[in-house]
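*Asks:* Please read through the structure below; I'll follow up with questions.
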Amino acid sequence: MTTGAVGVTVSVIAADPSALAEVAAQEVLEIARAAVAARGRFTVALAGGSTPRATYQRLAQPPLAAQMPWDRTFVFFGDERGVPPDHADSNYGMAHAALLSRVPIPAERVFRIPGESADPDAVDRMVKNLLSNAVKYSPRGGAVCVSANRAPDHPGMVEVAVEDDGVGIPADQLPRIFDRYVRVPHPETAATRGLGLGLSLVKALAEAHGGRVEVDSLPGKGSRFRVLLPGLDTHF
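Here my numbering is used: the first residue of the sequence shown is -19, the next is one more, and so on.
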């Protein structure tokens, strides 16, 4: 762990995750006190995921909970997933359960990112890009199918799938297809126009909403892309 004031870097090696949480919580307390002394307020951007949970829990426990200047603290979030605040994947939800609901910080000083207000055009853009690719790489014609269902192998997630019976993708090319400017060469699609950006955009949009994109493909048989998105099953 690396911490410190501006211009000063201190490296700390902790014996275990619990000790690391203790060191991190103490560091937050020191920085908060210094900020209040210098500027009258402490502004912090919380991270999500499982890693900081133990530190948040430690800050909510005595004696640190009583030593933190909660009445001078303003809380923001570094990022958020495209889910409601009560969803298991919500960064705000995790921080609220581990810390914010357990300390006397004024609610009006907590500024969450409304993950449930995700870009309404994102799914449309992802599907259109996948459809465009499916048509381009089916030069002999054939069927292109679009489906949307609850993901059977991922509870709490929805899958939007686009499947074709086109030229398919060789296994050695699959790890690269979501990189920018990558196009898989094939003699039947050599004249197909494009910059190789469509799949990278799909991947970026899916991950921005807390999801991901997967692909199954066989040369000569076709491809099936599916976008997995969390927190939408209750509205599906």
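Glycine included, C-beta positions come from ideal geometry on N, C-alpha and C.
State the Cα-Cα distance for the pair residue 43 and residue 64, rounded to the nearest angstrom.
*Replies:* Cα to Cα, the separation comes out at about 32 Å.
*Asks:* Between which two residues does the beta strand (DSSP E) holding residue 144 run?
*Replies:* 137 to 144
*Asks:* Would you list the residues sitting across from residue 35 in a DSSP beta bridge?
*Replies:* Answer is none; residue 35 lacks a bridge partner.
*Asks:* Tell me whether residue -3 sits in a helix, a strand or coil according to DSSP, three-state version.
*Replies:* helix
*Asks:* Under 8 Å between the Cβ atoms of residue 191 and residue 112?
*Replies:* no
*Asks:* So, using beta-carbon positions, are residue 0 and residue 48 closer together than 8 Å?
*Replies:* no
*Asks:* Just the Cα atoms here: how many angstroms apart are residue 163 and residue 157?
*Replies:* 7 Å
*Asks:* So, helix, strand or coil for residue 128, using DSSP?
*Replies:* strand
*Asks:* On a Cα-Cα basis, can you pick out the residue from 74, 28, 79 and 208 that is closest to residue 45?
*Replies:* Distances from the alpha-carbon of residue 45 to those of 74, 28, 79 and 208 put 79 closest.
*Asks:* Could you tell me which residues DSSP pairs with residue 91 in its beta bridges?
*Replies:* DSSP lists no partner for residue 91.
*Asks:* Just mark residue 201 as buried or exposed, buried being the case when its beta carbon has 16 or more other beta carbons within 10 Å.
*Replies:* Residue 201 comes out exposed.
*Asks:* Quick one: Cα of residue 61 to Cα of residue -7, how far?
*Replies:* Cα-Cα distance, rounded: 30 Å.
*Asks:* Give a yes or no on whether the C-beta atoms belonging to residue 103 and residue 140 are separated by under 8 Å.
*Replies:* yes
*Asks:* Under 7 Å Cβ to Cβ from residue 69, same chain only, skipping five residues before and after it: list those, please.
*Replies:* 61, 63, 190, 210 and 211
*Asks:* Is the segment 87 to 94 in contact with the segment 125 to 142, if contact means three or more CB pairs nearer than 8 Å?
*Replies:* no
*Asks:* Where does residue 19 land, buried or exposed, given buried means 16+ other C-beta within 10 angstroms?
*Replies:* exposed
*Asks:* Among residues of its own chain, excluding the 5 on either side of residue 15, which ones have a beta-carbon nearer than 6 Å to its beta-carbon?
*Replies:* The answer, listed in chain order, is 22.
*Asks:* Opposite residue 229 in the DSSP bridges: which residues?
*Replies:* No answer is possible for residue 229: it lies beyond the span of the chain, which begins at -19 and ends at 216.
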